[in-house]
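Participant: Residue numbers (the UniProt record's numbering): 1 to 214. Cβ coordinates follow ideal geometry from the N, Cα and C atoms, glycine included. Here it is: the structure, laid out below.
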Amino acid sequence: MYGLIDFILHIDQHLVTIIDQFGIWTYVILFLIVFIETGLVIFPFLPGDSLLFAASALAALPAIHLNIWILIAVFAAAAIIGDTVNYEIGKKVGLSIPEDSLLGKVLNKEKMEKAESFFNKHGGKTILIARFMPFIRTFAPFIAGASRMHYGYFIRYNFIGGAVWVLLCCLAGFFFGNIPYVRDNFTIVVLGIIFVSLIPMIVTFIRGKMKKTA
Numbered sequence: 001m002y003g004l005i006d007f008i009l010h011i012d013q014h015l016v017t018i019i020d021q022f023g024i025w026t027y028v029i030l031f032l033i034v035f036i037e038t039g040l041v042i043f044p045f046l047p048g049d050s051l052l053f054a055a056s057a058l059a060a061l062p063a064i065h066l067n068i069w070i071l072i073a074v075f076a077a078a079a080i081i082g083d084t085v086n087y088e089i090g091k092k093v094g095l096s097i098p099e100d101s102l103l104g105k106v107l108n109k110e111k112m113e114k115a116e117s118f119f120n121k122h123g124g125k126t127i128l129i130a131r132f133m134p135f136i137r138t139f140a141p142f143i144a145g146a147s148r149m150h151y152g153y154f155i156r157y158n159f160i161g162g163a164v165w166v167l168l169c170c171l172a173g174f175f176f177g178n179i180p181y182v183r184d185n186f187t188i189v190v191l192g193i194i195f196v197s198l199i200p201m202i203v204t205f206i207r208g209k210m211k212k213t214a
């Protein structure tokens with residue numbers, strides 16, 4: 001777990017090492033990280049927003065051999081395909097998950113109820129909104145599949161959400177990631193990205209607590 005935290009906080013340094021060691025295969029590695037984070041429901045803790053931002057910031061450097069448009073295509077494909085796989089897993093498994101299973105421990109009853117409530121409230125827009133919410137974006141397509149959302153309806157929001165999420169994160173990284181202050185304080189920026197991403201979840205949690213005490 002410490003290794004994962006270190007990777008996230010110093011993601012720019014680790015990415016440089018990966019690029020130096022693997023060259024063009026870096027695109028495959030980045031695809032797999034985003035695909036696993038969005039497609040396999042038991043890995044919601046893998047970096048998403050910060051990875052897109054950091055990789056795109058490095059792509060702006062002449063010395064780094066990463067192409068921003070290839071990055072955008074790779075990340076978009078990983079996000080959209082990942083959510084589609086997650087949807088199919090949810091469709092096959094359903095909402096009745098044994099609590100003693102690995103999936104049951106990740107998606108316990110409380111998390112499932114909260115995700116389902118959020119899903120019922122916002123409908124298909126959940127797939128789009130969830131893209132910008134860590135953890136929720138991993139659970140949303142699973143719930144969509146488990147609740148038998150129409151595939152055509154799901155894929156439309158999946159495609160739009162994936163494209164918008166990737167474009168915003170990547171273009172922000174490409175154009176702002178190499179501002180001197182950002183570059184010199186990248187760990188703080190990453191923590192800021194994580195915090196901002198968690199704000200919707202924090203607000204939802206506080207509202208839920210306030211309703212219970214009201």
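Taking the Cβ atom as the reference point for each residue, do residue 91 and residue 148 lie within a distance shorter than 8 Å?
Facilitator: The answer is yes: Cβ separation under 8 Å.
Participant: Would you call residue 63 buried or exposed, if buried means 16 or more other Cβ atoms sit within 10 Å of its Cβ?
Facilitator: By the 10 Å Cβ count, residue 63 comes out exposed.
Participant: Suppose you measure from the CA of residue 25 to the CA of residue 74; what does that come to, to the nearest Å?
Facilitator: Spanning the two alpha carbons is a distance of roughly 12 Å.
Participant: Assuming residue 82 is part of the alpha helix (DSSP H), what are its boundary residues?
Facilitator: Looking at the DSSP string, the run of the alpha helix (DSSP H) that includes residue 82 is 68-93.
Participant: Find the nearest neighbour of residue 18 within the set 39, 58 and 37, judged by alpha-carbon distance.
Facilitator: The shortest C-alpha separation from residue 18 is found at 58.
Participant: If we define contact as Cβ-Cβ less than 8 Å, is residue 124 a contact residue for chain D?
Facilitator: Judged by its chain identifiers, the structure shown contains no chain D, having just a single protein chain.
Participant: Can residue 71 be considered in contact with the ligand HEM, in the sense that its beta carbon sits closer than 7 Å to one or more heavy atoms?
Facilitator: No copy of the ligand HEM occurs in the structure displayed, which carries no ligand at all.
Participant: Taking C-beta to C-beta, are residue 163 and residue 53 nearer than 8 Å?
Facilitator: No, the Cβ-Cβ distance between residue 163 and residue 53 is not below 8 Å.
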